[in-house]
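Numbering (the working numbering), first residue to last: 128 to 213. Here a beta-carbon is modelled for each residue, glycine too, at the ideal position from N, C-alpha and C. Predicted model only: the values in this text are computed from it and were never measured.
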Amino acid sequence: MAEHHKEGQRKRQAKLAGHPEWMNYPRTRPRALKAGTDFFFSGRMCKNRHYNLRSVLGSRCVACEEKAQDVSPSLAAFMHDWLFDL
Ligand SMILES: [Zn+2]
């Protein structure tokens with residue numbers, strides 16, 4: 128019963144996020160590893176308040192991971208500006 132309740136909650140969060148297809152992903156990291164998928168959807172909020180898929184590798188949500196990757200392009204832009212200001 129508890130398992131079923133969690134699945135219902137997860138389904139609701141996937142729907143609210145506008146991504147009902149997230150239900151196709153495993154709910155936990157170990158299950159994702161077992162299933163061989165790169166992502167899982169826990170249905171729980173990440174520490175930055177996103178409901179999103181989580182990466183099996185980083186255990187971080189996809190939105191947080193994208194934010195982390197945003198750092199390098201802006202750094203590149205900064206370096207570009209700095210170089211061309213000389
Ligand atoms: Zn996040």
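query: Three-way DSSP call (helix, strand, coil) for cysteine 75 in this model; result: Residue 75 is absent from the model: the chain starts at 128 and stops at 213.
query: For arginine 139, three-class secondary structure by DSSP; result: helix
query: Residue interval of the alpha helix (DSSP H) (run including arginine 156); result: 156 to 162
query: Distance cut 5 Å, beta-carbon to ligand 1 heavy atom: residue list by chain order; result: Cys173, Asn175, His177, Cys188, Ala190, Cys191
query: Member of Lys194, Pro147, Tyr152 whose CA lies at the smallest distance from the CA of asparagine 175; result: Lys194
query: Own chain partners of alanine 159 with C-beta closer than 6 Å, once the 5 adjacent residues on each side are dropped; result: Pro153, Phe167, Val183
query: Neighbour-count burial assignment, leucine 180, 16 or more Cβ in a 10 Å radius; result: buried
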